[in-house]
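Read through the structure below, which is laid out as structure tokens, and then see the notes.
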Amino acid sequence: MPTEHHSHAESAAHSRDSDEAVIDLRFLRALWRDKFIILAFGLVAMLAGAYYAYNVATPIYSATAQVMRNNQTSQIVDLPSVIGELSNDSNAMGSEIQVIQSRVLLGDVVDQLNLVEDPEFNGRLREPSLKVRIKSAIMSWFSSEQPSSAAPPDEEVVERAIRDSVISALRAHLNVRNLPTTSVFNITVTSESPQKAAMIADTIARQYVQDQIDVKRDSMKEAIVWLTDQVGQLQQDLEQSEIRVSEFQSANPMITPEVLAGLQRQLSSVRDRLETTRAEARDASARLALLQNAESYSGKAAVSGNARLEELSATASFNAADAAEFDRIYSDIVTDAQANQARQSSNLTALQNSETRLSDQIERQGQELIQLQQLTREAEANRLLYQYFLGRLKETSAQQGIQKPDSRIIAEAVVPGGPIEPRKSFILVIYLAMGLGLGVAVTLLRESRKRVFHTAPELEQATGEQVLGQVPLISVNRRRKFLSYFNEHGTSAAAEAIRNLRTSILLSNVDTDPQIIMVTSALPGEGKTSISLTLALNMTGLSKRVLVMEGDIRRRALGEYFDLDQEKGLMSVLGGTASLDDVIQRSDEFGFDILGSGKTTANAADVVSSQNFNNLLTELRSRYDHIIIDTPPLLIVPDSRIVAKQVDRVVMVVKWNQTSRSQLFEALDMIESVNAKVDGLVLNQISASGMKRYGYGDSYGSYYAYSASGYYDK
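Numbered by our numbering, the letters in the sequence shown go through residues 5 to 718 in order.
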């Protein structure tokens, strides 16, 4: 057999990619097949929508009042207000929408209109719906019959809960919207009554405007009370701060900036004198040291700077009188230098003490001046605050009673002439679309759950393999009558289908006719045995020597079609206990030979993989023109994969509307795993009535007109 073959994995991958890239015609055919069911879904849904729109739905009316924010608020008296004006930016407008929808404002509207007594807003006043009554009845059946020992709820709590629920209901009926690029609000209320909708919208608008006045009035009162308290407190603070300044000035009368400046000038003068005196003291000390350290007459005369000593220094060393005079004069000079040094030291000490005293005095008086200035500033700050708050108190008191709202009503609500809901045409369209969508979803769901094959193009597109034939379902009750059907109905659609299959197999290679043909399937019950037998029957019509070999050693299905010796057969030949002539049986009625499997305890996979089996096939090739081997399902046992490598053609049977894609792909992959190939597929047991249901009646109905359901083959 040929060894070159394409990879089924690549074909399957290509098929899956193709399924994702293009619309699967299978689903389109399913939609066309179930078109009347889909239309029925749509019609039923539209009738339900019509019943709801015309009989169940309650008419809802809408009324709108308009309120505009004032960009500039006029003032009777031109005084600044302690109550800020509202801005018109997006944040402020959004905040005002929340104010209109607030539970506080809506609560005032509920109280004004007594909506607690309105069944539309108070659900407790409405008659319970059927659903609620059924639920209550069920709960009462399962509830305890013992009376509750819990204390009844407080009446005030119950009333508050009812009022809160009415406010929530009113809020659900309210819609507030700011018109773009304007300061106008649309206050829209929906209700079952047109008059009630207009009345509630106007009441909310008026309450919103009045709420602004009330808020300003309350804020003004709170501001006056607060300002009064602040003015009183600031007056006390001012008096206390002024007393502290006065007491400090009395205790320190000389603490002024001028006095402190005079002391600083005096300190500067002392420091200048101190520097001069310090220099003079250093000079006196240096002169005294030079005088005291001089030893020779010439040296003493030089440091003394005395002219007489200069004269005497020349003769004092050898003239006693001059020496005595020299010593006397020099002693007087040293005494004067000592006195000068002592005087300069005394002056320096006195100036240093004076500097220290002045520095301490300046530092002390500077701190006291800072304290005085702080007390003075505090008193001045208290005075300014007192004057400011006193002025604001007078201004606020003058504005009391002249507040104006920041908004005004520019359009009262008009009683609507017709309801806005239900939108009958819209409901009908929506229900129709929902019904059609549900019908389509049901159809597609049913179709998607059927990952099976209905036509040859589907099978070829999914696998990439050639479909050699399409065989209809044969209407026979017993298997032994199956082949007789073909002899008796030689012109039937089934007989034509087998002839087409035979032709496709024989012409699959124009150079050589296939001798050994293996017929298999993915799972049991797909009709591989019936295909093997009918193919053999059809080939005998060509005057060919044909043998049908039972390769499904475990099941031995050929015994259900013929009276075979179940004890002897293929296994006897392979075991050497019988010859081919002993076990091959001739079917004179149908014109072909049959080689049954016979009984054995050996493993079937070991048998077909043995050299004896290969030798047997070689001998059969010399005896017959065509040998058809009926092998077991690929997904059950490995026998077929072993045999596939020893035959000329491999034909796989796929059962119509039953074999799944995953099962078929797995079976094909098993063949490829042993480097063999499937030469073609057979779509078997096609139901003509089923093809019509799936939308293929135009293509297949006439061809399979003779077929009918009723035959099932393993």
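Note that the Cβ used here is the ideal one computed from N, Cα and C, for glycine as well.
Item	Value
CB contact flag (isoleucine 690, valine 456, <9 Å)	no
Through-space distance from methionine 224 to glutamate 251, alpha-carbon basis	40 Å
Backbone secondary structure at threonine 194 - three-state DSSP	strand
Glutamine 465 burial status per 10 Å Cβ neighbour count (16 or more: buried)	buried
Start-to-end residues for the beta strand (DSSP E) that takes in lysine 659	653-659
Proximal residues to aspartate 38 (C-beta, below 6 Å), its chain only, five neighbours per side dropped	Thr447
Other residues of its chain near glutamine 407: CB distance less than 8 Å, five sequence neighbours each side excluded	Ile87, Ile217, Lys220, Arg221 and Met224
Rounded straight-line distance, which links the Cα of leucine 477 to that of asparagine 688	7 Å
Alanine 385 burial status per 10 Å Cβ neighbour count (16 or more: buried)	exposed
The segment 606-623 touching the segment 427-435, judged by at least three CB pairs closer than 8 Å	no
Strand pairing of methionine 553, partner residues [DSSP]	Leu599 and Ile633
Where proline 476 sits in the DSSP three-state scheme	strand
Three CB pairs or more closer than 8 Å across the segment 67-75 and the segment 193-211	yes
For alanine 437 and serine 140, the rounded distance between their alpha carbons	35 Å
Supposed contact pair alanine 671 and leucine 432 - C-beta distance, whole angstroms, cut 8 Å	Not really, about 52 Å apart at Cβ, beyond 8 Å.
6 Å Cβ shell around asparagine 504 - same chain, five flanking residues per side excluded	Gly473
Contact between the segment 339-359 and the segment 278-286 (3+ Cβ pairs under 8 Å)	yes
For valine 419 and glutamine 199, the rounded distance between their alpha carbons	6 Å
Residue closest to asparagine 542, alpha-carbon to alpha-carbon, out of Gly494, Met695 and Leu562	Gly494
Other residues of its chain near isoleucine 414: CB distance less than 6 Å, five sequence neighbours each side excluded	Gln70 and Met72
Residue environment, aspartate 643, which counts as buried when at least 16 other CB atoms sit within 10 Å	buried
Phenylalanine 594 (DSSP reduced to helix, strand or coil)	coil
Complete runs of the alpha helix (DSSP H) confined to the segment 403-454 [at least 4 residues]	428-452
Inter-residue CB distance, phenylalanine 596 and valine 550 (contact presumed, cutoff 8 Å)	4 Å
Beta-carbon proximity check, glutamine 630 vs proline 528, cutoff 9 Å	Sequence check: residue 630 is histidine here, not glutamine. Against a cut-off of 9 Å, the Cβ pair of proline 528 and histidine 630 comes out as no contact.
Contact belief for isoleucine 633 with valine 611 at Cβ below 8 Å, rounded distance in angstroms	About 13 Å separates the two Cβ atoms, so there is no contact after all.
Where the alpha helix (DSSP H) containing glutamine 102 begins and where it ends	94-104
Contacts around alanine 591, its chain only, beta-carbon distance under 8 Å, and the 5 residues preceding and following it disregarded	Residue identity check: residue 591 is serine in the sequence provided, not alanine. Excluding positions up to five away in sequence, the list reads Phe566, Asp597 and Ile598.
7 Å CB neighbourhood of aspartate 112 in its chain, flanking five on each side removed	Gln211
Residue interval of the beta strand (DSSP E) (run including arginine 181)	178-182
Backbone CA spacing between phenylalanine 4 and valine 60 [nearest angstrom]	Limits of the chain in this structure are 5 at one end and 718 at the other, which puts residue 4 out of reach.
Inter-residue spacing [alpha-carbon to alpha-carbon] between histidine 458 and leucine 568	36 Å
Any 3 or more C-beta pairs closer than 8 Å across the segment 157-166 and the segment 96-110	no
Alpha carbon of asparagine 513 to alpha carbon of serine 614, nearest angstrom	28 Å
Distance CB(alanine 561)-CB(threonine 538) smaller than 9 Å	no
Distance, asparagine 190 Cα to glycine 421 Cα	18 Å
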